[in-house]
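Colleague:
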Amino acid sequence: MSTHPITDDTGDAGDWLYICEAGDIPPLGARVIERARGPALAVFRNAEDKVFALLDRCPHKGGPLSQGIVHGEQVTCPLHSFNIALSSGQVQAPDEGCVARFAIKREGEAIYLKRNEVASIGIDDGAGAPQPLTLTVQRA
Ligand code: FES
14 MSTHPITDDT GDAGDWLYIC EAGDIPPLGA RVIERARGPA LAVFRNAEDK VFALLDRCPH
74 KGGPLSQGIV HGEQVTCPLH SFNIALSSGQ VQAPDEGCVA RFAIKREGEA IYLKRNEVAS
134 IGIDDGAGAP QPLTLTVQRA
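So the numbering used here is basically just the index in the sequence shown, starting at one, shifted up by 13.
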């Protein structure tokens, strides 16, 4: 596996941060986006070529959702099989819970995440304001 670093000085303009091409995400799989701080994100692609992003941490016991099974618009956690809606992060009944979701913008094949969400969601280290971004997209 190789990595593709993304930093805040890449010239990306506006609120959206370019992450990868949709084709870089395996169908029915996920690509892991490591951040300098906080848990990683997982960007998923389903059979209909829709792309979603969640925190890569199951709300049950922290399982890596990026290693789960994508079906329809859900992912099944690899540890204890909670089903989680990819569009909302909501755990499906009879289980309970919710994982943070991230907004996606798609322009053609280019996938973007919202800069302020990536810099803040799921990061609770008491450091206050969001910090500059350093991301790493893991490639297969
Ligand atoms: S850690 Fe995901 S279902 Fe238990």
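The beta carbon of each residue, even a glycine, is placed where N, CA and C say it ideally should be.
Rounding to the nearest angstrom, what Cα-Cα distance links Gly-110 and Gly-27 in this structure?
Modeller: Using only the alpha carbons, I get a separation of about 32 Å.
Colleague: Determine contact between the region 66-78 and the region 35-42, defined as no fewer than three beta-carbon pairs at a distance below 8 Å.
Modeller: At 8 Å Cβ cutoff, the stretches do not touch.
Colleague: Which one or two residues does DSSP pair with Asn-59 in a beta bridge?
Modeller: None; Asn-59 has no bridge partner.
Colleague: If you check the beta carbons only, do Ala-35 and Arg-114 fall under 8 Å apart?
Modeller: In this structure, Arg-114 does not lie closer than 8 Å to Ala-35 by Cβ.
Colleague: Does the beta-carbon distance from Val-64 to Ile-117 come in below 8 Å?
Modeller: Yes, they are a contact pair.
Colleague: So who's on the other strand from Ile-82, going by DSSP bridges?
Modeller: DSSP, once it has assigned bridges, lists Thr-89 as partnering Ile-82.
Colleague: If you follow the beta strand (DSSP E) that Ala-43 is in, where does it begin and where does it stop?
Modeller: Segment 42-48, the beta strand (DSSP E) holding Ala-43.
Colleague: Does DSSP put Gly-27 in a helix, a strand or coil?
Modeller: Gly-27: coil per DSSP, three-state reduction.
Colleague: Under the three-state reduction of DSSP, which class applies to Ser-133: helix, strand or coil?
Modeller: Correct three-state label for Ser-133: helix.
Colleague: Arg-70 by DSSP, collapsed to three states: which one?
Modeller: Three-state DSSP puts Arg-70 in coil, outside helix and strand.
Colleague: In chain order, what residues of the same chain have a beta carbon less than 8 Å from the beta carbon of Glu-86, not counting five sequence neighbours either side?
Modeller: Asn-59, Lys-63, Phe-65, Ala-98, Leu-99 and Ser-100, listed in sequence order.
Colleague: Let me check you understand the geometry: is the CB of Phe-57 closer than 7 Å to at least one non-hydrogen atom of ligand 1?
Modeller: Result no, Cβ not under 7 Å from ligand 1.
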